[in-house]
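Residue numbers (this note's numbering): 1183 to 1356.
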Amino acid sequence: MTIKGILAVIMWAGASLFALFYFAQNKVTSFDPKQSLLLASMSQDFDDKVKSVFSDALQPINNTVFHIQGGSCSCNKLSQTHIRKLNITFAENGYKVQTIDPKDNANLKKLIPSYPAVVIFDESGNLGYLGPYSTGYLCSSRTSLIEPIAKTIVANNHLGATVVTDGEGCYCQS
């Protein structure tokens, strides 16, 4: 290969990487851009409101993980490896797993500002976690928000609900 050929390959690779980075950065958004979840979570009856939304989908909600995913959201595909890994942990600890599309539930759409997201109820049916899986464009386990918290929930060692509202990653708006 000639020097011109090598330079052309290097320029093509550089342009491809730049384009990938540019488009990935444009897809990175805030999980709670209007801070609606943050404000709602400050209410004294927030946990009860969340329970009622999910009780409509499944009874009882004890030991249940709800994956919030919209069918047309490209970010769902990016989080699938992470979700499969989490589901193994949940299944090993007796948790039920259910996937819900926020477009199918008006109350859920009002509650959760973006998806993919996850909601976990502990063995007593109390809210353990509500928020995104992770931050960053790829929603991978390397930038996981949920894994350390999930371990405490399934071991029943958590101190109450964790609601994560500030995160930037690949999210679609509800």
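No residue lacks a Cβ here, since even glycine has one placed at the ideal position from N, Cα and C.
Note that the structure is predicted; figures quoted are calculated from it, not measured.
In chain order, what residues of the same chain have a beta carbon less than 7 Å from the beta carbon of Gln1241, not counting five sequence neighbours either side?
none
Give every residue of the same chain whose Cβ lies closer than 8 Å to the Cβ of Ile1243, excluding the five residues on either side of it in the sequence, and list them in chain order.
Lys1233, Phe1236, Ser1237, Phe1303, Gly1307
Nearest-angstrom beta carbon gap, Gly1313 and Ser1279 [assumed within contact, 8 Å]
The sequence shown places Val at residue 1279, rather than the Ser named in the question. About 17 Å; that fails the 8 Å criterion.
When DSSP labels each residue in this structure, what does Val1248 get in the three-state scheme?
Rather than Val, the amino acid found at residue 1248 in this sequence is Phe. Correct three-state label for Phe1248: strand.
CB Gln1355 to CB Pro1295, shorter than 8 Å?
yes
Beta-bridge pairing of Ser1316 - partner residues as DSSP gives them:
Ser1326
Phe1303, DSSP secondary structure in three states:
strand
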